[in-house]
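Trainee: Under this note's numbering, think of the first position of the sequence shown as 138, with each following residue one higher.
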Amino acid sequence: VSALGMLGDKWVIPFLAQALKDPSVTVRVRAAIAMNQVLIRLEEKPTVLLRSLTQALTDSSPLVVYHTIRALGILGLEAALTEILRLMQTKDLSSSILSQLALATGLIGSPKAYFPLLKYVNHPNIEVRMNVVKALGQIKEPKAYSVLVKALQDSALQVKEQAIYALGYLGNKKAVKEL
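(1) Would the beta-carbon of Leu224 fall within 7 Å of that of Leu255?
(2) Excluding five sequence neighbours on each side, which residues of the same chain lie with their C-beta closer than 6 Å to the C-beta of Leu190?
(3) Around the C-beta of Gln237, are 16 or more other C-beta atoms found within 10 angstroms, so that it is buried, or is it exposed?
(4) Which residues mark the beginning and the end of the alpha helix (DSSP H) in which Val201 is found?
(5) What's the call for Asn268, buried or exposed, on a 16-neighbour Cβ count within 10 Å?
(6) Would you report the Cα separation of Lys277 and Val270, rounded to the nearest angstrom?
(7) Which first and last residues belong to the alpha helix (DSSP H) in which Gln226 is found?
(8) Quick check on the DSSP output: the alpha helix (DSSP H) that includes Val138 runs from which residue to which?
(9) Buried or exposed for Ile111, going by 16 or more other Cβ atoms inside 10 Å?
(10) Cβ of Arg165 within 7 Å of Cβ of Asp159?
(11) How is the alpha helix (DSSP H) around Ile245 delimited, first residue to last?
(12) Since Glu298 is in the alpha helix (DSSP H), which residue starts that stretch and which ends it?
(13) Give a yes or no on whether the C-beta atoms belonging to Ser232 and Val202 are separated by under 7 Å.
(14) Please determine, among Val258, Lys228 and Lys147, the residue with the shortest C-alpha to C-alpha distance to Val175.
(15) So, are the CB atoms of Ser198 and Val162 less than 7 Å apart?
(16) Helix, strand or coil, according to DSSP, for Ile263 in the structure here?
(17) Given this structure, state the Cα-to-Cα distance separating Val149 from His260, to the nearest angstrom.
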């Protein structure tokens, strides 16, 4: 399965979609990782994948879910965002899953993610906060300006760095005085 991802060609997608349903957790994890490798290389993203990836979000393995979220982000569809935002509403998500969800919303780049992301801007986990701030910049929602300025005061350097980049993505000239 891993070799299919290294090929990076769209003809492997049906095989990877099938592998996401394999009884072996190892095969499903490798299929999700391979799906990311293929999607990164494709200029035109195959929308037919949405159903397979959405189904994989309910996998019992957190690793499959983690890599599937990334694949949905790379796929970049508004419909994928709907599934990601739905999952963000789930209680008791691990920090690594929340972090990946934030990254995926940023990859999709839709301002519809603004309010759901705000819920996690003060999360206790540094990686979650960092990726939420990064996503707020990537979605280019002007309302995020004040949140990003506040993130410049975060206790974690990684969050501050992402806030600087995110303010740059927004392109608001007022940010210069805040930096």
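Where a beta carbon is used, it is the ideal one built from N, C-alpha and C, also for glycine. The model shown is predicted, which means the values in this text are computed figures rather than measured ones.
Mentor: Let me spell this out:
(1) Taking the first residue of the sequence shown as 1, we reach residue 224 at position 87. Taking the first residue of the sequence shown as 1, we reach residue 255 at position 118. No, the Cβ-Cβ distance between Leu224 and Leu255 is not below 7 Å.
(2) Position 53 of the sequence shown, counted from the start, is the residue given in the question as residue 190. Thr205, Ala208 and Leu209.
(3) Locating residue 237 in the sequence shown gives position 100, where the first residue counts as 1. Its Cβ being crowded by 16 or more others within 10 Å, Gln237 is buried.
(4) As a first step, residue 201 must be located in the sequence shown, where it is residue number 64. Here the alpha helix (DSSP H) through Val201 covers Pro199 to Leu212.
(5) As a position in the sequence shown, residue 268 is number 131, starting the count at 1. Asn268 comes out buried.
(6) Looking up residue 277 in the sequence shown gives position 140. Looking up residue 270 in the sequence shown gives position 133. When rounded, the distance between both Cα atoms is 11 Å.
(7) Translated into positions along the sequence shown, residue 226 becomes position 89. Counting along the chain, Gln226 falls outside any alpha helix (DSSP H), and DSSP gives it neither H nor E.
(8) The sequence position of residue 138 within the sequence shown is 1, counting from 1. Unbroken run through Val138: none, as it is neither H nor E.
(9) Given a span of 138 to 316 for the chain in the structure shown, any question on residue 111 remains unanswerable.
(10) Counted from its first residue, the sequence shown places residue 165 at position 28. Counted from its first residue, the sequence shown places residue 159 at position 22. Yes; because the gap between Cβ atoms is below 7 Å, this pair is in contact.
(11) Reading the sequence shown from its first residue, position 108 is the one you call residue 245. Looking at the DSSP string, the run of the alpha helix (DSSP H) that includes Ile245 is Ser232 to Ile245.
(12) Sequence index remark: in the sequence shown, residue 298 carries index 161 (1-based). Leu294 to Leu307 is the extent of the alpha helix (DSSP H) around Glu298.
(13) By 1-based counting over the sequence shown, the position of residue 232 is 95. By 1-based counting over the sequence shown, the position of residue 202 is 65. No, the Cβ-Cβ distance between Ser232 and Val202 is not below 7 Å.
(14) As a first step, residue 175 is located in the sequence shown; it is residue number 38 there, counting from the start. Cα-wise, what sits closest to Val175 is Lys147.
(15) Indexing the sequence shown from 1 puts residue 198 at position 61. Indexing the sequence shown from 1 puts residue 162 at position 25. Their beta carbons are under 7 Å apart, which means Ser198 touches Val162 by this criterion.
(16) Position 126 of the sequence shown, counting from 1, holds the residue named residue 263. Of the three classes helix, strand and coil, the one that applies to Ile263 here is helix, per DSSP.
(17) The residue you call residue 149 lines up with position 12 of the sequence shown. The residue you call residue 260 lines up with position 123 of the sequence shown. Near 38 Å, if we compare the C-alpha coordinates of His260 and Val149.
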